[in-house]
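A.B. asks: Which chain is which? The protein sequence lines are A and Z, in order.
Its first residue numbered 150, the first sequence is counted upward by one per residue in this note's numbering.
Its first residue numbered 127, the second sequence is counted upward by one per residue in this note's numbering.
After the structure tokens below, expect a handful of questions from me.
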Amino acid sequence: MGRYVTQRLILAGFTLLLVSIIVFTLLRVIVPLVYVDAVDIIAGEYGHSDPELAAQLRDEYGLSGNVVLQYFEWLGGLLRLDLGESLFNGRAITTEMGDRLPVSLELGIIGLLSAILFSVPMGVVAAVWQDRWPDYVFRTFAIMLNSIPGFWLAIMIITFGSLWFNWAPPLNFKYLWEDPVAHIKIMALPALLIGLTPSAGLMRIVRTQMLEVMRQDYIRTAQAKGLAGHVVIFRHAMRNALIPVVTVIGLSLPGLIAGTAIFESIFTLPGMGQYLVSSVSNFDYPVVQSTNLIFAVLIVTANLGVDLSYPLLDPRIRY
Amino acid sequence: MAACGGDDDEEAAEPTSTPTKEEQEKQEKKEEEVKSILWQRIDTTAQAVKGGIYQGYTTADVTNLDPLSSPSFTAAFSGCWYHPRLLTFKPGYRDKGATGEVQGYLGASWQQPEPTTLIFKLQPNAVWDEKLNKRPIDADDVVFSWNKFAAKGISRKDLVKLPDNPNGAVESIEAVDKTTVKFKLAYPYAPLLPALAYSRYLQVMPRESEGGYDPRNETRSGGPWMLTDYQRSVKFEMRKNPNYWAADKVYLDGFDIPIIAEYSASLAQFRAKKVWALTPRQEDVVGLYKDLPGALVAQGGHTRTVYFLFFGLQPGSPFLDERVRQAVSMLIDRDAWIDTFFNISEFNKEGFPTDVRYHSHIASGWEGTWLDPKSPDMGAGGKHFQKNVAEAKKLLEAAGHGGGIDTDIAWIATGQYGTTFPKYGELFKGFLEESGLFRLKLVNPDYATDYLPNYYRSKGNFKGIGVGALTTYPDLDQFLFAYFHSKGSIGHASLLVDPKSDQLIEAQRAEFDAGKRAAIIKDWQRHAAVTMPLVPFPGQSSAYAFAWPWVGNVGVFRAFDTESARDTYETTLWYDKSKHTT
Numbered sequence: 150m151g152r153y154v155t156q157r158l159i160l161a162g163f164t165l166l167l168v169s170i171i172v173f174t175l176l177r178v179i180v181p182l183v184y185v186d187a188v189d190i191i192a193g194e195y196g197h198s199d200p201e202l203a204a205q206l207r208d209e210y211g212l213s214g215n216v217v218l219q220y221f222e223w224l225g226g227l228l229r230l231d232l233g234e235s236l237f238n239g240r241a242i243t244t245e246m247g248d249r250l251p252v253s254l255e256l257g258i259i260g261l262l263s264a265i266l267f268s269v270p271m272g273v274v275a276a277v278w279q280d281r282w283p284d285y286v287f288r289t290f291a292i293m294l295n296s297i298p299g300f301w302l303a304i305m306i307i308t309f310g311s312l313w314f315n316w317a318p319p320l321n322f323k324y325l326w327e328d329p330v331a332h333i334k335i336m337a338l339p340a341l342l343i344g345l346t347p348s349a350g351l352m353r354i355v356r357t358q359m360l361e362v363m364r365q366d367y368i369r370t371a372q373a374k375g376l377a378g379h380v381v382i383f384r385h386a387m388r389n390a391l392i393p394v395v396t397v398i399g400l401s402l403p404g405l406i407a408g409t410a411i412f413e414s415i416f417t418l419p420g421m422g423q424y425l426v427s428s429v430s431n432f433d434y435p436v437v438q439s440t441n442l443i444f445a446v447l448i449v450t451a452n453l454g455v456d457l458s459y460p461l462l463d464p465r466i467r468y
Numbered sequence: 127m128a129a130c131g132g133d134d135d136e137e138a139a140e141p142t143s144t145p146t147k148e149e150q151e152k153q154e155k156k157e158e159e160v161k162s163i164l165w166q167r168i169d170t171t172a173q174a175v176k177g178g179i180y181q182g183y184t185t186a187d188v189t190n191l192d193p194l195s196s197p198s199f200t201a202a203f204s205g206c207w208y209h210p211r212l213l214t215f216k217p218g219y220r221d222k223g224a225t226g227e228v229q230g231y232l233g234a235s236w237q238q239p240e241p242t243t244l245i246f247k248l249q250p251n252a253v254w255d256e257k258l259n260k261r262p263i264d265a266d267d268v269v270f271s272w273n274k275f276a277a278k279g280i281s282r283k284d285l286v287k288l289p290d291n292p293n294g295a296v297e298s299i300e301a302v303d304k305t306t307v308k309f310k311l312a313y314p315y316a317p318l319l320p321a322l323a324y325s326r327y328l329q330v331m332p333r334e335s336e337g338g339y340d341p342r343n344e345t346r347s348g349g350p351w352m353l354t355d356y357q358r359s360v361k362f363e364m365r366k367n368p369n370y371w372a373a374d375k376v377y378l379d380g381f382d383i384p385i386i387a388e389y390s391a392s393l394a395q396f397r398a399k400k401v402w403a404l405t406p407r408q409e410d411v412v413g414l415y416k417d418l419p420g421a422l423v424a425q426g427g428h429t430r431t432v433y434f435l436f437f438g439l440q441p442g443s444p445f446l447d448e449r450v451r452q453a454v455s456m457l458i459d460r461d462a463w464i465d466t467f468f469n470i471s472e473f474n475k476e477g478f479p480t481d482v483r484y485h486s487h488i489a490s491g492w493e494g495t496w497l498d499p500k501s502p503d504m505g506a507g508g509k510h511f512q513k514n515v516a517e518a519k520k521l522l523e524a525a526g527h528g529g530g531i532d533t534d535i536a537w538i539a540t541g542q543y544g545t546t547f548p549k550y551g552e553l554f555k556g557f558l559e560e561s562g563l564f565r566l567k568l569v570n571p572d573y574a575t576d577y578l579p580n581y582y583r584s585k586g587n588f589k590g591i592g593v594g595a596l597t598t599y600p601d602l603d604q605f606l607f608a609y610f611h612s613k614g615s616i617g618h619a620s621l622l623v624d625p626k627s628d629q630l631i632e633a634q635r636a637e638f639d640a641g642k643r644a645a646i647i648k649d650w651q652r653h654a655a656v657t658m659p660l661v662p663f664p665g666q667s668s669a670y671a672f673a674w675p676w677v678g679n680v681g682v683f684r685a686f687d688t689e690s691a692r693d694t695y696e697t698t699l700w701y702d703k704s705k706h707t708t
């Protein structure tokens, strides 16, 4: 196990290095070559025919000189846990991430938990009562959820909440450690909504897996032994049905965290998604590089976590 | 309801049909009803009490917090709350909008011993906040800020004389003593005073911002408010600055300003009374008015920004001939355009007063200077603002384009000028093509890499027609010079050599008498109506805005420029707790 984890960690290191090189090359070499760079955009606002100004801005933002050296400088900073500074406001990215990452992680994790809480019971019930009314109801519900974008649902809830109940989500964000009650009030709804759409897909996977497992011989044997229905379902069927579900859940987490931008905008939350979107539109290179790397770390970690969880669910799997 | 629909159809078919007496009375009654509910802008200063945090909002974040070096105007939004300026615009009062007249701010008084010298005496008791140990705001701060603006300010070319901007008016600035600042001008320049009142030019910052702290992330206040909390892309929190020299005249304790980019979210927050004022999309006004009977409703003033259709003026371009430009203007159905974008029919149907005005080559919000294109005072060029396809056809035939013109029409399809902007372009394209006189190929250039360099700033060096937006200016001069003078920094029409236009623009900027200056600008409008160097967007009706009644004095002291009025508008608001309902 230890050897396997070490191997995976080394591989993760290489993966992250490769991601950083690809992102850096795209941002700093390819995009400026076929489109523009940050300085072109700023210089465009001032007036296009001012090469002196463009050169001055490049120096000011640390974008002049050898691009390869700039990459190694950024990488060196990364090893010292210094992600650099935003080009436009000079704020340390590490500090900004420190404020924002917990918000996005919390949104993503609560969203995922709510997705699991919705989908697993619904999937199990739908499988156990296959082709009967609970199955039809939950499948219809899942299809409906799958067809409704979460942000649209959020806007509808806010709009009709204000129309019918004179309600709108709180505007003053508070961190959990500042004011736990206010924090829960502002985070609960977006987190729940974030989990709603993926829960539809998850429910369908849980149902399918449960149906497959329920047809296995060992389940028939357990039932023939006279075990109670809930023991068969929860102890024997569900545990085995969950292996692919865990894979999907694990891989959904980074996507959920990265996909929070629109919810952050609607609910005025200081998360990573908004930070990445505004940085991309400004061509704020250090921020884009760093946020991409953070998302890559999340994906690699989630993958590793999923792989390491298999032996816990299925004793036949060993590393 | 069916009858209403029938009336609408009839109106569309016969716009000149006269309503019956009964219909007229009904309409008048409806208008009276709405007028009686329209907010009367009552001055409640005598009852004002101190305290309370105003719940506002904004739609966008700032690039950074340093207005003097940011590559974007957004930084001015934040800075104008806590950085004083030498002057400020005098607010309008109740039904009388602000005119652009200036009054002292950090500059307590000023004098002009000669036309090219301007001397300011600073407020004697102005200090920076506690973070700078209440250090007096002095002339060195002003000089430091000006020099930074002259070196890095995004709009420095509007004012500063530079090697690459020889037409700039301000040559230099010096500190005569700790409380006196002297401006040296290159030539007599009347619009300097409003420019110094404008938030997007000289905001005074402490000299410690160079090396002492990072002004992109930190702020020091010398104005009425302090930025006490800022979370990027989430919120601004402004609080009263107790060290502001006129702090005793500030009623509110502060402002919470979350960033709500999503329109429907801001609408919901207003309905739920979590934000206290809102200017909704005009198509939502009637619905909101019916849904929220407790809210105050008022019509604002006309804006002072006009957008344009501008022309490619490369050799051989048909638009080098003024008759073609006049024809373009005469193909536009201004009333239909204004109706579409300002919801006029709906307002009229519901009895909401509307006040439609056509833009001349200056926006219809420039009270006292704007010439109504429909009035006889506009002279011979007035007819070019009326839709007249037959006349336009004759003009094109006379210009040798009887078979019509094949060319491009370009506008940006992305959101830099707002989500409605592309629709403006579509309607113009429709008007021109509908006449059969233009066959247009649509081009949607990329904003940064194509539109700005190859259309907007190309001085006419492109093919076809551009649909363009522009920024607001504190005074007409910066606008007239930048866009219409042959040496202007934007110079959409500078390839059309027009000495008379140049001469009028130069004359108005040197004229210190307001009345005479307005007369010169009116002459220029008459001239532009004939030569039609650009075609102004059709016009506007003033927008409706809403507020909750516990905002005391809301809309009473009226801002000339919203962003430049944090010391004259926001300071006059107060929180009337007795009227606050949940």
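We treat Cβ as the ideally placed atom computed from N, Cα and C, and that holds for glycine.
Quantities reported herein were computed from a predicted structural model and do not represent experimental measurements.
Go ahead and label Ala-337 (chain A) buried or exposed: buried means 16 or more other beta carbons lie within 10 angstroms of its beta carbon, across all protein chains shown.
C.D. replies: The residue in question, Ala-337 (chain A), is exposed, as its Cβ has fewer than 16 Cβ neighbours within 10 Å.
A.B. asks: Tyr-184 (chain A) versus chain Z: which residues are under 7 Å apart at the beta carbon?
C.D. replies: Correct list: Thr-575.
A.B. asks: Curious, which full-length alpha helix (DSSP H) runs of at least 4 residues does the stretch 157–197 of chain A contain?
C.D. replies: As far as the stretch 157–197 of chain A is concerned, its whole alpha helix (DSSP H) runs of at least 4 residues are 180–183 and 187–195.
A.B. asks: Take Tyr-415 (chain Z) and list the residues in its own chain whose beta-carbon comes closer than 7 Å to its own, dropping the five residues that flank it on each side.
C.D. replies: Counting only Cβ-Cβ distances below 7 Å, and skipping sequence neighbours, we find Val-423.
A.B. asks: For Arg-326 (chain Z) and Phe-199 (chain Z), which I take to be in contact (beta-carbon distance under 8 Å), what is that distance rounded to the nearest angstrom?
C.D. replies: Their Cβ separation, rounded to whole angstroms, is 6 Å, which keeps Arg-326 (chain Z) and Phe-199 (chain Z) in contact under 8 Å.
A.B. asks: Which same chain residues, not among the five before or five after Tyr-599 (chain Z), have their C-beta less than 6 Å away from its C-beta?
C.D. replies: Closer than 6 Å at the Cβ level, and outside the excluded window around Tyr-599 (chain Z), lie Phe-605.
A.B. asks: Return the CA-CA distance between Tyr-208 (chain Z) and Tyr-324 (chain Z), expressed in angstroms with no decimal places.
C.D. replies: Distance between the alpha carbons of Tyr-208 (chain Z) and Tyr-324 (chain Z) is about 14 Å.
A.B. asks: When Cβ atoms are compared, which residues of the stretch 239–264 of chain A fall closer than 8 Å to chain Z?
C.D. replies: Cβ contacts with chain Z: Gly-239, Arg-240, Glu-245 and Asp-248.
A.B. asks: Starting from the beta carbon of Leu-266 (chain A), find every residue of chain Z whose beta carbon is closer than 7 Å, and list them in chain order.
C.D. replies: Near Leu-266 (chain A) there are no residues of chain Z at all, since even the closest Cβ is about 27 Å away, more than 7 Å.
A.B. asks: Interface residues of chain D around Phe-237 (chain A) at Cβ under 7 Å?
C.D. replies: The structure shown contains no chain D; the protein chains it does contain are A and Z.
A.B. asks: Are the CB atoms of Ser-668 (chain Z) and Gly-427 (chain Z) within a distance shorter than 8 Å?
C.D. replies: In contact: Gly-427 (chain Z) and Ser-668 (chain Z) (Cβ atoms closer than 8 Å).
A.B. asks: With a 10 Å radius around its C-beta and 16 neighbouring C-beta atoms as the bar for buried, classify Arg-177 (chain A) as buried or exposed.
C.D. replies: Arg-177 (chain A) should be labelled buried.
A.B. asks: Smallest Cα separation from Val-277 (chain A): which of A:Leu-462, A:Ser-427, A:Ser-253 and A:Ile-368?
C.D. replies: Considering only alpha carbons, the answer is A:Ile-368.
A.B. asks: Among Z:Lys-304, Z:Met-658 and Z:Lys-519, which one has its Cα closest to the Cα of His-487 (chain Z)?
C.D. replies: Ranking Z:Lys-304, Z:Met-658 and Z:Lys-519 by Cα distance to His-487 (chain Z) puts Z:Met-658 first.
A.B. asks: Please state the DSSP three-state secondary structure of Ala-241 (chain A).
C.D. replies: In the structure shown, Ala-241 (chain A) sits in a strand (DSSP, three-state: E or B).
A.B. asks: Which word fits Asp-363 (chain A), buried or exposed, when buried means at least 16 other C-beta atoms lie within 10 angstroms of its C-beta?
C.D. replies: Reading off the sequence, residue 363 (chain A) comes out as Met, not Asp. That one is buried.
A.B. asks: Report the residue ranges of all alpha helix (DSSP H) runs contained in full by the stretch 258–309 of chain Z; include only those spanning at least 4 residues, in chain order.
C.D. replies: Complete alpha helix (DSSP H) runs here, min 4: 265–278.
A.B. asks: For Trp-650 (chain Z), which option in Z:Asp-603, Z:Ser-615 and Z:Pro-675 has the closest C-alpha, if you only look at C-alpha atoms?
C.D. replies: Of the listed residues, the one whose Cα sits closest to Trp-650 (chain Z) is Z:Asp-603.
A.B. asks: Going by the DSSP bridge assignment, what does Pro-298 (chain A) pair with across the sheet?
C.D. replies: None, per the DSSP bridge assignment.
A.B. asks: Any contact of the stretch 694–707 of chain Z with the stretch 170–178 of chain Z, i.e. 3+ C-beta pairs under 8 Å?
C.D. replies: With a cut-off of 8 Å, the stretch 170–178 of chain Z and the stretch 694–707 of chain Z count as touching, because enough Cβ pairs lie within range.
A.B. asks: Leaving out five residues before and five after Asp-465 (chain Z) in sequence, what residues of the same chain have Cβ atoms less than 7 Å from its Cβ?
C.D. replies: Answer for Asp-465 (chain Z): Ser-471, listed in chain order.
A.B. asks: What's the C-alpha gap between Val-330 (chain A) and Glu-388 (chain Z)?
C.D. replies: Val-330 (chain A) and Glu-388 (chain Z): Cα-Cα distance of roughly 25 Å.
A.B. asks: Helix, strand or coil for Trp-700 (chain Z)? Go by DSSP, reduced to three states.
C.D. replies: DSSP places Trp-700 (chain Z) in strand when its eight states are reduced to three.
A.B. asks: Pick helix, strand or coil for Tyr-356 (chain Z), following the three-state DSSP scheme.
C.D. replies: Strand, per DSSP.
A.B. asks: Leaving aside the five residues before and after Arg-358 (chain Z) along the sequence, list all residues of the same chain whose C-beta is less than 7 Å from its C-beta, in chain order.
C.D. replies: Excluding sequence neighbours, Arg-358 (chain Z) sits near Asp-187.
A.B. asks: Closest by CA to Ala-455 (chain Z), which one among Z:Trp-492, Z:Leu-521 and Z:Gly-491?
C.D. replies: Note on identity: in this sequence residue 455 (chain Z) is Ser, with Ala being the wrong assignment. Answer by Cα proximity: Z:Leu-521.
A.B. asks: Which residues in the same chain as Lys-304 (chain Z) place their Cβ atom closer than 7 Å to its Cβ, once the five residues preceding and following it in sequence are excluded?
C.D. replies: So the list reads Asp-264 and Ala-265, once near-sequence residues are dropped.
A.B. asks: For the beta strand (DSSP E) containing Ala-391 (chain Z), name the first residue and the last one.
C.D. replies: No beta strand (DSSP E) contains Ala-391 (chain Z), which is instead part of the alpha helix (DSSP H) from 389–397.
A.B. asks: In angstroms, rounded to a whole number, what distance separates the CA positions of Asp-118 (chain Z) and Leu-230 (chain A)?
C.D. replies: Chain Z is shown from 127 up to 708; residue 118 (chain Z) falls before or after that span and cannot be answered.
A.B. asks: Please confirm if the stretch 420–435 of chain A is in contact with the stretch 240–251 of chain A, defined as three or more CB-CB distances below 8 Å between the two stretches.
C.D. replies: The stretch 420–435 of chain A vs the stretch 240–251 of chain A: in contact.
A.B. asks: Between Arg-483 (chain Z) and chain A, is there a C-beta pair that is closer than 8 Å?
C.D. replies: So, not an interface residue.
A.B. asks: Classify Gly-226 (chain Z): buried if its beta carbon has 16 or more other beta carbons within 10 angstroms, exposed otherwise.
C.D. replies: Classification of Gly-226 (chain Z): buried, given that the 10 Å Cβ count is 16 or more.
A.B. asks: Mind checking the stretch 383–394 of chain Z against chain A and listing, in chain order, the residues whose C-beta falls within less than 7 Å of any C-beta there?
C.D. replies: Flagged, chain order: Pro-384, Ile-385, Ile-386, Ala-387, Glu-388, Ser-390, Ala-391 and Ala-394.
A.B. asks: Identify, in the order they occur along the chain, each residue of the same chain with its Cβ nearer than 8 Å to the Cβ of Ile-385 (chain Z), setting aside the five sequence neighbours on each side.
C.D. replies: Counting only Cβ-Cβ distances below 8 Å, and skipping sequence neighbours, we find Tyr-183, Thr-184, Thr-185, Ala-186, Asp-187, Ser-359, Val-360, Lys-361 and Phe-362.
A.B. asks: Taking the straight line between their C-alpha atoms, what separation do you get for Met-471 (chain A) and Met-293 (chain A)?
C.D. replies: Lying outside 150 to 468, the shown extent of chain A, residue 471 (chain A) is not represented and no answer is given.
A.B. asks: If you run the structure through DSSP and keep just helix, strand and coil, what is Ala-421 (chain Z)?
C.D. replies: Reduced to three states, the DSSP call for Ala-421 (chain Z) is coil.
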